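Participant:
Residue numbers (this note's numbering): 389 to 677.
(1) Leaving aside the five residues before and after residue 470 along the sequence, list all residues of the same chain whose C-beta is less than 7 Å from its C-beta, in chain order.
(2) Output needed for residue 548: all residues of its chain with C-beta closer than 8 Å, excluding positions within five of it in sequence on either side, in chain order.
(3) For a minimum of 4 consecutive residues, which ranges assigned as the alpha helix (DSSP H) are wholly contained in the region 427-512?
(4) Can you check the region 576-622 for any alpha helix (DSSP H) of at least 4 residues that lies completely inside it and give the ranges in chain order?
(5) Figure out for me which residue from 676, 665, 675 and 661 has the closest Cα to the Cα of residue 446.
(6) Kindly identify the DSSP beta-bridge partner or partners of residue 659.
(7) Only counting the same chain, and skipping five residues up and downstream in sequence, which positions put a Cβ closer than 7 Å to that of residue 528?
(8) Under a Cβ-count criterion, where at least 16 other Cβ atoms within 10 Å of its own Cβ denotes burial, should residue 551 be classed as buried or exposed?
(9) Taking the alpha helix (DSSP H) that residue 566 falls in, what are its first and last residues?
(10) Ends of the alpha helix (DSSP H) at residue 667?
(11) Can you grab the Cα-Cα spacing for the pair residue 460 / residue 644, in whole Å?
(12) Quick check on the DSSP output: the alpha helix (DSSP H) that includes residue 522 runs from which residue to which?
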């Protein structure tokens, strides 16, 4: 049993530059927002799921989604190079690591290492499980230093650990976003907007969580499953997302919405079909196909 299971709200590593001091001050307060009961499932409402239609879970589109998120989180389209990534970015959540930023202070890193230990007992990270349980809910490195980062990098070469990262990313973030998006009747771009929001904000109970971002959007427009226009609704969702980002200093740069997702939406590229051109933090990216 673990006390912290609400998907965490994250600070993109790229956005931490220049904000570390503020994040350190806000960190302990931010941690209080992720403590508590198990994560609530994405709300089902009463809308029927359009599960038959292809969406972000199409393998080619999912690959695009991973690249889009990596452009914002890592300034790179090479998301698979991030399995080995680990550092403390000073946001009060301990170590941030891996392809989706699993954090030692928010429970999802513990879940990941537990899954890895279940699939491969005695692996190089298994010995850190007691320490990970102790630091869950804090920014402490106690019991992890000095060799945890080195052992994480070793584990990252193991296909079993790589697959565990993939599976936890899907279970906690990707699959709920796609399911909710299909239930709302929105296409691939909309499902990606949901996924990117859950990655950054988590789906806890605070007002800037994914569920509350969506609720804020619903006060302005209806999704297709409720008879609304998809483009109008997605603009409302992105407006709500920008509002949520601006509530935290570390998220004030909203370019991952303004010069990426909004660009695709303005072009009415609801299927997220390449070629795709966008910018994040002023850097330009391109996907040809």
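Ideal Cβ placement from N, Cα and C applies to all residues, glycine included.
Please read these numbers as outputs of a predicted model, since none were measured by experiment.
Facilitator: Walking through what the data contain:
(1) 458, 462, 486 and 487
(2) 504, 507, 508 and 511
(3) 447-462 and 496-507
(4) 576-589 and 598-606
(5) Closest option to residue 446, Cα to Cα, is 661.
(6) The partner list for residue 659 (beta bridge, DSSP) is empty, contrary to what the question assumes.
(7) Same-chain partners within the cutoff: 482.
(8) Around the CB of residue 551, fewer than 16 other CB atoms lie within 10 Å, so the residue is classed as exposed.
(9) Start and end: 563-571.
(10) Note, residue 667: premise wrong, no alpha helix (DSSP H); beta strand (DSSP E) at 664-668.
(11) 6 Å
(12) 517-523
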